[in-house]
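Student:
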Amino acid sequence: MELPRYEVYALRYATVARKPQENFIAADPHEGPATMDYFVWAILGQGETIVVDTGFTAAAAERRGRQFLRCPVQALGTLGVDAQAVRDVIITHLHYDHAGNLDKFPAARFHLQEAEVAFATGPCMCEPFLRHAYDVEDVVQMVRHVYAGRVAFHRGDVELRPGISLHRIGGHTDGLQVVRVHTERGWVVLASDATHYAENFKRRSPFPIVYHVGDMLRGYDRLRMLADSDAHIVPGHDPMVLRNYPAWRPGNAEIVALHAPG
Ligand SMILES: [Zn+2]
Ligand SMILES: [Zn+2]
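Here it is in structure tokens:
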């Protein structure tokens, strides 16, 4: 049987200007400013919609000094996805920019790596450096969803559907997972924070928010094994994503089609 081919979209919902030394452990300080964009992703096909990550709220943007462009749920609505009705949400990891807005998905099961929940609720969170990118309210909310039977725990590599699989990479956080999707142009990998920018994996220069540098470097090799080419690896925060892929609709360059041959 031939594998299903899914549509995959990146939806930008926020942005912030940063210095390059904030994006690479070993940065050249002479480089210019480096924008960081924030995305959620949606996988469509076989009569269903799977959302990947839920973004942050306007209040979180305000607290952290990010420029909030639109609510991720509103961006999904533009694409025709009703958050109220979504049944499966993959959370790549529990950082505040990936796991807010959970209450806006009342029908969803949340797919997470066991290691991510253990990491975000365990002794590492006593360290300010490791907990800074988590919002305790998101984590507590997810624990409530565990008790409500709404979390699907995964361990390592898992096939979620024919043509959609989850892969634990770790590195950035202990339980970070990436999503591999079969599309008309082959295997696309939503790398999330396994590589914030394409430059991180291409220069093998990790992003400085990191739990395990060795796992992050090995993760770059995993990404390349999982994706059909470097152009099939979709970084988690790279403004190039909006430039490299075709707009979903003419006039809406904030949503791009990752499955379409560029
Ligand atoms: Zn992160
Ligand atoms: Zn992130």
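FYI, this note's numbering numbers position 50 of the sequence shown as 39, with every residue one higher than the one before it.
Cβ atoms here follow ideal geometry from the backbone N, Cα and C, with glycine treated the same way.
(1) Here's the rule I'm using: 16 or more other beta-carbon atoms within 10 Å means buried, otherwise exposed. How should Cys60 be labelled?
(2) When the distance is taken between beta carbons, is His226 closer than 8 Å to Tyr186?
(3) Measure the alpha-carbon distance for Ile136 versus Gly69 and round it to whole angstroms.
(4) Assuming Phe28 and Leu0 make a contact with CB atoms under 8 Å, what is their CB distance in whole Å?
(5) Where do the N-terminal and C-terminal ends of the alpha helix (DSSP H) with Asp127 fall, by residue?
(6) Could you tell me the boundaries of the beta strand (DSSP E) in which Cys78 lies?
(7) By how many angstroms is the C-alpha of Gly175 removed from the C-alpha of Ala49?
(8) What are the boundary residues of the beta strand (DSSP E) that Asn241 is part of?
(9) At what residue ranges does the segment 190 to 246 contain a whole run of the beta strand (DSSP E), taking only runs of 3 or more?
(10) For Ala72 and Val78, I'd like the C-alpha separation in whole angstroms.
(11) Express the C-alpha separation of Tyr123 and Pro117 in angstroms, rounding to a whole number.
(12) Where does the unbroken alpha helix (DSSP H) through Leu65 begin, and where does it stop?
(13) What is the residue span of the alpha helix (DSSP H) that Val70 lies within?
(14) Going by C-alpha distance, which of Val140, His221, Val129 and Val202 is nearest Val167?
(15) What distance in whole Å lies between the Cβ atoms of Leu165 and Glu105, which are believed to be in contact at a cut-off of 8 Å?
(16) Taking 7 Å as the cut-off, does the CB of Asp163 come closer than this to any heavy atom belonging to ligand 2?
Tutor: If we stick to the structure as given:
(1) Classification for Cys60: buried.
(2) Yes, Cβ-Cβ distance for Tyr186 and His226 is below 8 Å.
(3) Per the sequence shown, the amino acid found at residue 136 is Tyr instead of Ile. Cα to Cα, the separation comes out at about 31 Å.
(4) 6 Å
(5) Val125 to Tyr136
(6) First, the amino acid is wrong: residue 78 is Val here, not Cys. Segment Asp77 to Ile79, the beta strand (DSSP E) holding Val78.
(7) 36 Å
(8) Asn241 to Ala246
(9) Counting whole runs of 3 or more residues, the segment 190 to 246 contains the beta strand (DSSP E) stretches 222 to 224, 236 to 238 and 241 to 246.
(10) Going by the C-alpha atoms only, they are around 10 Å apart.
(11) For Pro117 and Tyr123, the distance between alpha carbons rounds to 10 Å.
(12) Pro61 to Thr67
(13) Looking at the DSSP string, Val70 is not in any alpha helix (DSSP H), and its letter there is neither H nor E.
(14) His221
(15) Under the criterion of beta carbons closer than 8 Å, Glu105 and Leu165 qualify as touching, at roughly 7 Å.
(16) It does not: the Cβ of Asp163 is nowhere closer than 7 Å to a heavy atom of ligand 2.
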